[in-house]
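Mapping the sequence shown onto our numbering, position 29 (from 1) lands on 69, and the numbers just tick up by one.
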Amino acid sequence: MLNQFFKIIQEAIGLNTFSFTALFYMIIRGIIAYLFGITLARFNKKLFGIRTPFNFVLLIMLGSIFANAILNASTFLPTLGTILFLILFNGLVTELAFYFPMVERFIKSTPSILVKNGEIQWNNMKKEFITERELLTELHAQLHTSNLKEVEIALLVSDGTIHFIQKKL
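Pasting the structure below:
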């Protein structure tokens, strides 16, 4: 019984098919993918620094694609080519967003006013699915107050965070 259990564990974790050669090749592919990723990141600093839904989706995709590059030897070079294409495509879309405000609004969206002069803008809150409790929690965390009368404006920005501007006294 115990012997059968250990046999199942060995099969489940791949001990019965383990090969140092396969491990060595995966390590080499991992190092190449890592260096490739670092090189791409050096030339696209905004990808990791500016939080937009577009960049977030791209980062998730790149993580998944890089994992495939490391695990699958037969598609290693096409996978790196796909990553290069996506990074170049991201650069093109970023450039288009710079020159065409309509593209920028589509990619990054426009901020939504949640509070104006201390008054909650309920239509925008409803449109963005932000509850009053969520708004007040963020207000307290950022400005250390629960009094909306101290807020000149609160904006929901494209990265999903709420920015508060306090009234000047």
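Even for Gly, the Cβ is constructed at its ideal location relative to N, Cα and C.
Buried or exposed (CB count within 10 angstroms, at least 16 for buried), S114: Working through the sequence shown from its first residue, we reach residue 114 at position 74. The residue is exposed, with fewer than 16 neighbouring Cβ atoms inside 10 Å.
Can F116 and A107 be called in contact, C-beta distance under 8 Å? On the sequence shown, residue 116 is found 76 positions in, with the first residue counted as 1. On the sequence shown, residue 107 is found 67 positions in, with the first residue counted as 1. No, these two residues do not count as a Cβ contact at 8 Å.
With a CB to CB cut of under 7 Å and the five nearest residues on each side skipped, what residues in its chain are close to E178? Mapped onto the sequence shown, residue 178 falls at position 138. Cβ neighbours of E178 beyond the five flanking positions: I202.
When DSSP labels each residue in this structure, what does K207 get in the three-state scheme? To locate residue 207, count along the sequence shown from 1; it is residue 167. K207 falls in the coil class under three-state DSSP.
From the DSSP output, which residues share a beta bridge with K156? Position 116 of the sequence shown, counting from 1, holds the residue named residue 156. DSSP output for K156 lists E159 and I193 as bridge partner(s).
Provide the residue span of the alpha helix (DSSP H) that contains G121, from first to last. In the sequence shown, residue 121 corresponds to position 81, counting from 1. G121 -> alpha helix (DSSP H) spans F116 to Y139.
Let's test the definition: count the other Cβ atoms within 10 Å of the Cβ of R69 and tell me whether it reaches 16, buried, or not, exposed. Sequence index remark: in the sequence shown, residue 69 carries index 29 (1-based). R69 should be labelled buried.
Span of the alpha helix (DSSP H) around P93: What you label residue 93 is simply residue 53 of the sequence shown in a count that begins at 1. Element bounds for P93: P93 to L111.
Can you look up I202 in the DSSP assignment and give me helix, strand or coil? Taking the first residue of the sequence shown as 1, we reach residue 202 at position 162. Reduced to three states, the DSSP call for I202 is strand.
Within 8 Å, do at least three Cβ pairs link the segment 164-172 to the segment 120-138? no
How big is the Cα-Cα spacing for I49 and G200? Position 9 of the sequence shown, counted from the start, is the residue given in the question as residue 49. Position 160 of the sequence shown, counted from the start, is the residue given in the question as residue 200. Approximately 43 Å between the Cα atoms of the pair.
If we count Cβ pairs, one from each stretch, closer than 8 Å, do we get three or more for the segment 66-82 versus the segment 120-127? yes
Contact between the segment 186-195 and the segment 150-160 is defined here as three or more beta-carbon pairs at a separation below 8 Å; is this criterion met? yes
Would I127 pass as a contact of L80 if the rule is Cβ separation under 8 Å? What you label residue 127 is simply residue 87 of the sequence shown in a count that begins at 1. What you label residue 80 is simply residue 40 of the sequence shown in a count that begins at 1. Yes, the pair counts as a contact, with Cβ atoms nearer than the cut-off.
Rounded Cβ spacing between I170 and L195 (contact assumed at less than 8 Å): As a working mapping, residue 170 is identified with position 130 in the sequence shown. As a working mapping, residue 195 is identified with position 155 in the sequence shown. Incorrect: roughly 11 Å between the Cβ atoms, too far for contact.
If we ignore side chains and look at the alpha-carbon of each, how far apart do I153 and K207 end up? Numbered from 1 along the sequence shown, position 113 holds the residue referred to as residue 153. Numbered from 1 along the sequence shown, position 167 holds the residue referred to as residue 207. About 15 Å.
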